[in-house]
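To start, the structure itself, in structure tokens.
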Amino acid sequence: MFKILSKELKAFFKDKRAVLLTFAMPTILITFFALAFGGIGGDGIHQIPLLVCDQDKTDLSKKTINAIDSVKMIEVIPCNYDTAIDLIKLGKRTSVLVFGKGFSDSVKQLKTLPLKFEYDAARVEETGVLLSLVPKALFTSSVGKLMTQEYFGQRLKLLDSATRYKVFVAMSFGSSPSGNTLDNLMKLKTTSIIAAKVGNVGLVQAVAGTAVMMLLFSLTGMGGGLLDEKEQGTLKRLLYSPVHPAEILLGKMACSIIVAMMQLTAMFIYAWLAFHLQITNKILPLSIIIIATAIACSGFGVFLATVARTRQQLQGMSTLVILSMSVIGGSMVPSFMMPQWMQNISVFSINYWSIQGFYDILWRDLPIGGIFLSKVAILLAIGITLTLLSFRFFRKNVLALD
Amino acid sequence: MIEVNGIHKSYDDIQAVKGISFSIKDGECYGLLGPNGAGKSTTINMLSTLFPPDSGTITINGLDIKKSAEEVKKILGVVPQEIALYANFTAWENMLFWGGLHSLRKNELHKKAEELLKFVGLLDRKDEKVKGYSGGMKRRINLACALLHSPKILLLDEPTVGVDPQSRNMIFELIEQLNKEGMTIIYTTHYMEEAERLCDRIGIIDSGVIVAQGTLDELKQHSEIKDVIVMECNQTPDATFLSSKLNLSLKVIGNIVYIESTDSKKDLTRCVICCSDAGYEIHHIDIQKANLENVFLKLTGKQLRD
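These protein sequences, in sequence, are chains A and B. Residue numbering for the first sequence follows the numbering used here, starting at 157 and increasing by one per position. Residue numbering for the second sequence follows the numbering used here, starting at 109 and increasing by one per position.
The following block contains the structure:
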């Protein structure tokens, strides 16, 4: 038995690919996930950017904004309203907090505050965190104190201000005889800017994220057919015939693109049938992004297959690269949940552009053109660039038959 | 028809072919005989236009393969060493695919495919997937796929590797028939019996160099390899006496005398008479014919299967 054990261990450690997959792969993935969600590699806190539009421009509004900015998890970015809305529509920011005109007066007069929180409902996790942190910051700021004093001052005039505040905290937003509770007065008016009528954003994430990741795996497998043909000798036989090497590669690419389009279409039809994902009124833009994604992913699959010299090399490389791209590109978890630096590098993954394209159509409900087409253009550029590089590597690696 | 002049081919630091030259006439069957790694497949790859030679020229039917590769491909059929077929396709599907690459018309292709399947004896099994075929059957389809565009020249790169004797014989018969019909054939092998049986002329290749070429008899002469007449006598023969009488080179080991002869049929009678005259009883006679194995050993100093 020990001889067998010894032989197995020796064989295992001689197989560099197996060792890589066993130790390096999990290490790399753990590193990615730790960096993404464990607060490692930065200051330990994942700050969520919040656009703030101060239309009141009073000392009180400025103090309140500073109070919100002092919350560790919030990064306040001053901005005018129109720019803020554009940034949210483009998917670059998640939300804007608007301090409307008369904010200061409303505090003093104990009226409902003109506070609006407008957001991208597609980014439910980020906005959820902001919606819990911003009111808390408001209550603990000078606004909270002033309003508490006014609120209880009218009702409990006998108490001094410090006691009144303690009572307020103890009562936890007690109600007034008119039913106008303090928390109601300070409540944010929330509005989803993007696709408020569309269904579950998680569903779009699940379908798009998974479909793109699986597509990359399946197309890399298909691209690997080139290496199989090399090993089996059929590639050599193809080259004996009056077929140009470029035709062989383009034929593989075309097949990959067709299969990719079929796979993505099937995934979205399944999501429509099984989970009622609304796609029927978005056939044209969905088809456009499916074609662009298919071209980019096929280019990637063929590129990886031409870079690798053997099927084993391809398997090792594809697992590493695709999982890495899927983590940073938002296939596994939405990219906005990651630290800013990871969001910055996510643009280097096909997953990111494709998933954002699907978001634009199925969630943000953007029209064809502008930002949506820019994502399509980037995907096409990725596909074409990788295909051109594939030709170079095809000659160098795959056609080196002997 | 085929002229190869001083071709060289290197891969990185390895010189696979070092200045090979030969010419092949129309309808001839030319064999390239050599051990593994001798440069046979590299030569075939260059002839098939897969790789151009680093230096030297190859002309096929008057066409320079570097300048007219596409034209050359139309008259060449190549049977690769590997079973280069799609295993999940049926024989018929494979035939249509490989034939289709030569832009044959559908009717013409179907007719030719059927004809060739019949020729290789697999017409009745054309709808079975190739992966279910025996090694010999795969080799036959491998051959048939190279003939779909009716090439004038057929390059066969060790087409019988891993084939049982019965199937090998069947492949030989197919090749002989093609050659009889006028097809020019270049056949690489490391089996001497294949080269001896099939080839009109043989080039012996070793370490990227053709060390000798010609017909089998020419090679024997070139290498000065002779037949050996072996006679076992009732006593130890007198070597000096026999040598002077026969005027042939010989050696005696125990009761056995080994006599070298360039014409063993003619010399055999003389040897028997000479031994009888000397009073030796002959218990056993054998003739060891000079073959390619001896020739190869003499020319390269190594066994063919080294």
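Yeah, the Cβ is synthetic: ideal placement off N, Cα and C, and Gly gets one too. Bear in mind the structure is a predicted one, so any value in this text is a computation, not a measurement.
#### Entry: Three-state secondary structure assigned by DSSP to A/G525
On the first sequence, residue 525 of chain A is found 369 positions in, with the first residue counted as 1. Three-state DSSP puts A/G525 in coil, outside helix and strand.
### Task
Please say whether A/L375 and A/G300 have beta carbons closer to each other than 8 Å?
Position 144 of the first sequence, counted from the start, is the residue given in the question as residue 300 of chain A. Position 219 of the first sequence, counted from the start, is the residue given in the question as residue 375 of chain A. No, they are not a contact pair.
### Task
Check the Cβ of A/S397 against every Cβ in chain B and list those closer than 8 Å, keeping chain order.
Position 241 of the first sequence, counted from the start, is the residue given in the question as residue 397 of chain A. By Cβ distance, chain B contributes K181, W206, L209, H210.
### Task
Specify whether the stretch 287–294 of chain A and the stretch 212–231 of chain A touch according to this definition: at least 3 beta carbon pairs, one from each stretch, less than 8 Å apart.
These segments touch.
### Task
Leaving aside the five residues before and after B/V271 along the sequence, list all residues of the same chain whose C-beta is less than 6 Å from its C-beta, in chain order.
Along the second sequence, one-based indexing puts residue 271 of chain B at 163. Answer for B/V271: G243, G244, R247, listed in chain order.
### Message
If I follow the unbroken alpha helix (DSSP H) through B/N169, where does it start and stop?
### Response
On the second sequence, position 61 is the one that residue 169 of chain B refers to. Per DSSP, B/N169 lies in no alpha helix (DSSP H) and is assigned neither H nor E.
### Task
Check each residue of the stretch 361–392 of chain A: if its Cβ is closer than 7 Å to any Cβ of chain B, include it; give the result in chain order.
Listed by position along the chain: Q388, G389, T390, K392.
#### Entry: Interface residues of chain A facing B/E190 [CB-CB closer than 7 Å]
By 1-based counting over the second sequence, the position of residue 190 of chain B is 82. Within chain A, the residues near B/E190 are Q388, G389.
### Task
Give the interface partners of B/S418 over in chain A, defined as CB-CB distance under 8 Å, in chain order.
In the structure as shown, chain B starts at 109 and stops at 414, and residue 418 of chain B therefore has no counterpart that could be examined.
### Chain-ordered chain A contacts of B/Y241 [CB-CB under 9 Å]
Translated into the one-based positions of the second sequence, residue 241 of chain B becomes position 133. Per Cβ cutoff of 9 Å: no residues; B/Y241 is ~15 Å from chain A at best.
### Query
Can you name the start and end residues of the alpha helix (DSSP H) that B/G328 belongs to?
Position 220 of the second sequence holds residue 328 of chain B. Here residue 328 of chain B turns out to be Lys, not Gly, going by the sequence shown. Its alpha helix (DSSP H) spans residues 324–331.
### Message
Do A/R465 and A/P380 have their beta-carbon atoms positioned less than 8 Å apart in this structure?
### Response
The residue given as residue 380 of chain A occupies position 224 in the first sequence. The residue given as residue 465 of chain A occupies position 309 in the first sequence. With the sequence shown as reference, residue 380 of chain A is identified as Gly, and Pro is not the correct amino acid for it. At a Cβ-Cβ threshold of 8 Å, A/G380 and A/R465 do not count as neighbours.
### From A/I540, A/T475, A/L395, A/I349, residue whose alpha carbon lies closest to that of A/A452
For the purposes of this step, residue 452 of chain A is taken as residue 296 along the first sequence, with counting starting at 1. Comparing Cα positions, the closest option is A/I540.
### Task
Would you mind giving the Cβ-Cβ distance between A/T239 and A/T283, rounded to the nearest angstrom? I have them listed as a contact below 8 Å.
In the first sequence, the residue the question calls residue 239 of chain A occupies position 83. In the first sequence, the residue the question calls residue 283 of chain A occupies position 127. The Cβ separation is near 19 Å, so there is no contact.
### Message
Is there a C-beta anywhere in chain A that falls below 8 Å from the one on B/V186?
### Response
Looking up residue 186 of chain B in the second sequence gives position 78. With 8 Å as the cut-off, B/V186 counts as an interface residue toward chain A.
### Query
What are the uninterrupted segments assigned as alpha helix (DSSP H) that are 4 or more residues long and contained completely in the stretch 467–530 of chain A, given in chain order?
Here the runs fully enclosed are 467–485, 496–501, 506–518.
#### Entry: Whole-angstrom distance between B/V338 and B/H392, CA atom to CA atom
As a position in the second sequence, residue 392 of chain B is number 284, starting the count at 1. As a position in the second sequence, residue 338 of chain B is number 230, starting the count at 1. Approximately 8 Å between the Cα atoms of the pair.
### Query
According to DSSP, which residues form a beta bridge with A/E231?
Residue mapping note: residue 231 of chain A aligns to position 75 of the first sequence, counting from 1. A/E231 is bridged to A/P205.
### Message
As a quick exercise: from A/Y515, A/G455, A/L479, A/N437, pick the residue whose alpha carbon is nearest that of A/F550.
### Response
Within the first sequence, residue 550 of chain A is the residue found at index 394, counting from 1. From the listed residues A/Y515, A/G455, A/L479, A/N437, the smallest Cα separation to A/F550 is found for A/G455.
### Task
Check the Cβ-Cβ distances between A/V285 and every residue of chain B, and say whether any is below 8 Å.
Residue numbering aside, residue 285 of chain A sits at position 129 when the first sequence is read from its first letter. No, its Cβ sits nowhere closer than 8 Å to a Cβ of chain B.
### Task
Rounded to whole angstroms, what's the CA-CA distance from A/M423 to B/D162? Just pull it up for me.
As a first step, residue 423 of chain A must be located in the first sequence, where it is residue number 267. As a first step, residue 162 of chain B must be located in the second sequence, where it is residue number 54. Our two residues, A/M423 and B/D162, have alpha carbons roughly 51 Å apart in a direct line.
### Query
What does B/Y194 touch in chain A if you count any residue whose Cβ is under 8 Å from its own?
Reading the second sequence from its first residue, position 86 is the one you call residue 194 of chain B. Simply T390.
#### Entry: DSSP-derived helix/strand/coil call for A/T268
Here residue 268 of chain A is taken as the residue at index 112 of the first sequence, counted from 1. A/T268 falls in the coil class under three-state DSSP.
### Message
Using a Cβ-Cβ distance cut-off of 8 Å, determine whether B/E281 contacts chain A.
### Response
As a working note, residue 281 of chain B is residue 173 in the second sequence. B/E281 does not count as touching chain A.
### Nearest-angstrom Cα separation, counted from A/M229 out to A/V208
Counted from its first residue, the first sequence places residue 208 of chain A at position 52. Counted from its first residue, the first sequence places residue 229 of chain A at position 73. So the alpha carbons of these two residues sit roughly 15 Å apart.
### Task
Assign A/D215 to one of three DSSP states: helix, strand, or coil.
Taking the first residue of the first sequence as position 1, residue 215 of chain A is located at position 59. The answer is helix: DSSP assigns A/D215 an H, G or I state.
### C-beta neighbour in chain A for B/E50, strict 8 Å
Only positions 109 to 414 of chain B appear in the structure, and residue 50 of chain B is not among them; the question remains open.
### Query
Any idea what DSSP makes of B/I115, helix, strand or coil?
Indexing the second sequence from 1 puts residue 115 of chain B at position 7. Strand at B/I115.
### Query
Is it right to say A/S487 is buried, meaning 16 or more other beta carbons lie within 10 angstroms of its own, or is it exposed?
Here the question's residue 487 of chain A lines up with position 331 in the first sequence. With 16 or more Cβ atoms within 10 Å of its Cβ, A/S487 is classed as buried.
### Query
Which of the three DSSP states, helix, strand or coil, is assigned to B/F197?
As a first step, residue 197 of chain B must be located in the second sequence, where it is residue number 89. B/F197: coil per DSSP, three-state reduction.
#### Entry: Top-ranked residue by Cα proximity to A/G389, from A/W509, A/V477, A/L555
Stepping through the first sequence from its first residue, residue 389 of chain A is reached at position 233. Nearest C-alpha to A/G389: A/L555.
### Query
To which residues of the same chain is A/L420 closer than 6 Å at the C-beta, ignoring the five residues directly before and after it?
What you label residue 420 of chain A is simply residue 264 of the first sequence in a count that begins at 1. Within the same chain, A/L420 has close Cβ partners A367, I446.
### Message
List, in chain order, every chain A residue whose beta-carbon is nearer than 7 Å to that of B/E178.
### Response
As a working mapping, residue 178 of chain B is identified with position 70 in the second sequence. By Cβ distance, chain A contributes P398.
### Message
On the DSSP bridge list, what partners appear for B/K133?
### Response
Here residue 133 of chain B corresponds to residue number 25 of the second sequence, with the count starting at 1. B/K133 pairs with nothing; no bridge assigned.
### Message
Just to confirm before moving on: does the CB-CB distance between A/P401 and B/K182 stay below 8 Å?
### Response
Here residue 401 of chain A corresponds to residue number 245 of the first sequence, with the count starting at 1. Here residue 182 of chain B corresponds to residue number 74 of the second sequence, with the count starting at 1. Going by C-beta atoms, A/P401 is not nearer than 8 Å to B/K182.
### Task
Could you tell me the distance, in whole angstroms, from the CA atom of A/E387 to the CA atom of A/I484?
The residue labelled residue 387 of chain A in the question sits at position 231 within the first sequence. The residue labelled residue 484 of chain A in the question sits at position 328 within the first sequence. Cα to Cα, A/E387 sits roughly 34 Å from A/I484.
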